[in-house]
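Heads up, the thing below is written out as structure tokens.
What follows is the structure, encoded as structure tokens:
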């Protein structure tokens, strides 16, 4: 079991849900409005006067086999419009109920 | 879920809600009546009382004063004015605007009922009219006739006046120039004396003979019969056969002492239209009724009425006031449509995308149409103010939508899908859209709080724009994102032709951006010079202010002139008529622009309401001119009116004349007057003071056209009875004066009935026996014993002069010395007048008051000025809360003075005046110019927050906001341009407003683009410098301490 944490421009939300759906991922936890800033490039998403746009973030716990296709699709999505900003990170899941 | 999110998610609901609103709006538009201005008339009620044969002072004492005393207690009364003139008393009750006129009319009626019994016997019942003298007739119809001329009055009264008077809102229908039928019994005094008869006795005989008496019922056999005596005259000739006495055993018939004539009234007014005699029917409206509706109803009824008239009676509409209103409104509607077109072009020019343009343009009709629902709901009309509000708003309603659309487009270009771009893009700018709308509402909402006559105009404008702006904001936050989500595409394909046309434009806009960036860069590096130069410009631009005249509401060329021409008092009507015909001939030749001339001469009949309101008399000609439409003539109505005044000076027989351009359409228009009211009972004293004042005031620089309200004294004969002689003969003044009145004015003996109509039978001396003083002196007065005494044995006939009219205001006699103000300020003029008043040796019981429209105008200008300050403060408050800073709004406020310098320059260059409409323009300007500043400063702030230095932030911020600023400015200026350029009827009214907005906005935008960045860098630069200084000092201190420690 691995967790994928995705932080992305709000506007991506529906596309990301459809990627999860496509890969038969049912469960996730999402935060619709979060602030964020890329480490190197991209516009900050801070929701203030200077940088009004906001991010959303989502975490989903999937089987190990699903991680690769999902990340590939997310990368493709990011490539289509680099300016909006989309990042994903993967962790191991030790245990759960 | 936010409002824009649900709008984007539910396109069907969103679009249907807006379609529903539009349908409601169109329905309201369809029902909206048309008028020139919002209902700004003060409520007036007039009470007219006629007392035939009484002179002005008799009327004053016997009629006007008792009525005034009783009417003075009517609640909410503002002013009570009266004019007492020969035969007639006119009392005008003025109430505050907005009082319920129906309730007040009932109150007035109650008071009149109470006082009626105290009026003299011969006085007719007071009549209440729900309109004022100033109210111009809605429609004047000329009726020409040939064979039917003698019966014209009856024909018109039955078939025209009655049906027209039933139309809703019609105040009165008066017929002038058509004499009424009357049976006259002309007595020969010699024969009367010979048979020892009196007029009173003859009147009595006629009354007794002209009677129908029911005698009761009687039973004959099985039936009951009614018994009656049918004594009434069947035709007027029967009067001749009446037995009035016997002398020497022979019967004396009425024909032995009198000539019976079935004739027309003696003293009447004659009316001519284009030289043909006939009658004029004047339709006036009630207070607050809608002119256009009434005119339409009358015009609709006329063809039907024409059919009921004899073939030779022709009706012609000579004046239709609604015509110019309709033309004015349609002219304005046209300019609103042009404004719409210009705005579309500007948006397309700057955006270069069809779909985006369509999305933005849709907000215009939707927000404007909503305003119609408000108008319909509040009983408003389509008028100059409400339509101006529309044309003002057209340029502004697109602004919010443009901001939203631009941000959504940025999101789409970044790669977002239209649906989510619409939601998030709108979310980001929603707050600033609301804030900028609030700034405009801060400008327009206070207008709704003004009271009084000016308030009625401004309230409508304020509400209209507030509502339109609110709706446009809602539109921008719901409809615009929804449509963007549906219509916008990433990088839409452009057709080849479009690219060919648009790429030079794009190139031009690009180089304009770069040019501006260079200019700003230069300016903020030469801040001191820029500040000095703009200050000098501001001071220079203020200088022309003293050349700008002021007026209340601009005069309008409606193609009508009214003239009152007076010949020496006492001139016979025939002479007056001849001169009128001469003048008509002359003017018809001299001014080809004249479409029609209509004139009346002579004394108006008591039943003629319209006529009795005008100054009338045998020596007075009242003329009405109608000119061809403005497009078909080169000279303006004002030039012709001046020329007509000059022509009149060449007639030595004319003693006085008044030519009013606009046909007495005294709707606060025209020149402003400064009036000095001299109150006092004694005619001689007030006259002396008024004349002395007039002389002094005429000498004051800047005050012209000084005139007195009291007209020339008319000669009249008075009979001074000797009370002792009267008493010796067993007579008193009452009996003697009744004898006099019955012989000269006549005695209404009875009524002759024919075909359901009643005509008076008047017993009077024959005309040849009442043409000399001798005849009066020879009048035989009988006492109770039947002894006759000649009038000359009882008193003297003397000639005296009395004022023809006695004016009163608030129950005091007054004379008004009025003057026109030109080329001086009000305080100087008033100071001069006060000095003149002090110089005069004022009798004790006299006092003087200064008033007039000029004072009112100054007062309302003062009110508007304080409103202007309040609005500036409100705008500052809104901006300061939006920026959460005091310096940013202060910087933006620098745009306002330049708007005023633009206003002054444009008014001075175009030769326009500062009036109510240009004031409206100035108030609007504040909101519009401040908006430009907000856009600039907001973006520069944003750049700074994103980490740029002050100078870079300013230059790049300015560069990227140049297009939106130019776009909003151009939409507003081009929206106003049709108004400024239009030459249609009524354009004088809104021209000055449009010129004000265009001039102010153009100058202030150009300077805003330079001065705001410059001042921004001065203020913020100082802040940064101070901070640095502080830090440096702290460093130095630390260093010092470290050194000391060592």
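Chains as they are written, first to last, in our numbering: chain A, 1 to 97; chain B, 98 to 1143.
Glycine residues also receive a C-beta, built at the ideal position from the N, C-alpha and C atoms.
Values in this document were obtained by computation on a predicted structure and should not be read as measured data.
Look at residue 283/B here: in three-state DSSP terms it is strand. In this structure, the beta-carbon distance from residue 39/A to residue 5/A does not fall below 9 Å. Per DSSP, the unbroken alpha helix (DSSP H) holding residue 783/B starts and ends at 780 to 796.
Residue 867/B sits in coil when the DSSP states are folded into three classes, being neither helix nor strand. By the Cβ test, the region 835 to 842 of chain B is in contact with the region 871 to 887 of chain B, since at least three Cβ pairs between them sit closer than 8 Å. Taking the Cβ atoms as the reference, residue 153/B lies roughly 5 Å from residue 903/B, within the contact range of under 8 Å. Any Cβ of chain A closer than 9 Å to the Cβ of residue 582/B would place that residue at the interface, and such an atom is absent.
For residue 615/B, the uninterrupted alpha helix (DSSP H) segment begins and ends at 593 to 622. Interface annotation for the region 43 to 60 of chain A against chain B: 48, 49, 50, 51, 52, 53, 54, criterion Cβ-Cβ distance under 8 Å. Checking the DSSP bridge columns, you'll see residue 325/B partnered with 311/B. Bounds of the alpha helix (DSSP H) holding residue 820/B are 820 to 825.
Shortest Cα-Cα distance from residue 43/A to any of 15/A, 88/A, 25/A, 84/A involves 84/A.
Residue state for residue 554/B is assigned as helix, using DSSP reduced to three classes.
Taking 9 Å as the threshold, the shortest C-beta distance from residue 530/B to chain A does not fall below it. The beta carbon of residue 106/B sits no closer than 9 Å to any beta carbon of chain A.
80, 81, 82, 83, 84: these are the residues of the region 73 to 88 of chain A whose beta carbon lies less than 8 Å from some beta carbon of chain B, given in chain order. Around the beta-carbon of residue 966/B, fewer than 16 other beta-carbon atoms lie within 10 Å, marking it exposed. Within its own chain, the residues whose Cβ lies closer than 8 Å to the Cβ of residue 171/B, once the five positions on either side in sequence are excluded, are 190, 201, 204, 205, 208, listed in chain order.
In terms of beta-carbon proximity, residue 15/A lines the interface with chain B, with at least one pair separated by less than 9 Å. Closer than 9 Å to the CB of residue 9/A there is at least one CB belonging to chain B. If you draw a 10 Å sphere on the C-beta of residue 629/B, you find fewer than 16 other C-beta atoms in it, and that means exposed. In chain order, 80, 81, 83, 84 make up the part of chain A whose C-beta sits under 7 Å from the C-beta of residue 512/B.
At a cut-off of 9 Å between beta-carbon atoms, residue 503/B makes no contact with chain A. The beta strand (DSSP E) runs of length 3 or more contained entirely in the region 202 to 241 of chain B are, from start to end of the chain, 224 to 226, 236 to 241. With a contact defined as Cβ atoms closer than 8 Å, residue 292/B and residue 342/B qualify at about 6 Å. Contact with chain A is absent for residue 573/B, since none of that chain's Cβ atoms lies less than 9 Å from the residue's Cβ. The beta-carbon of residue 500/B is placed no less than 9 Å from the nearest beta-carbon of chain A. Note that the C-beta distance between residue 739/B and residue 683/B is not below 9 Å. Ranked by Cα distance from residue 862/B, the first of 286/B, 159/B, 134/B is 286/B. Collapsing the DSSP output to three states places residue 684/B in a helix. For chain A, the residues of the region 1025 to 1051 of chain B that bring a beta carbon within less than 7 Å of one of its beta carbons are 1039, 1042, 1043, in chain order.
For residue 326/B, the number of other beta carbons within 10 angstroms of its own is below 16, and it is reported as exposed.
In terms of Cβ geometry, residue 613/B and residue 1128/B do not form a close pair [threshold 9 Å]. For residue 32/A, the enclosing beta strand (DSSP E) starts and ends at 29 to 34. Assignment of residue 695/B by DSSP, reduced to helix, strand and coil, places it in the strand class. Rounded to the nearest angstrom, the Cβ distance from residue 410/B to residue 245/B is 5 Å, consistent with a contact under 8 Å.
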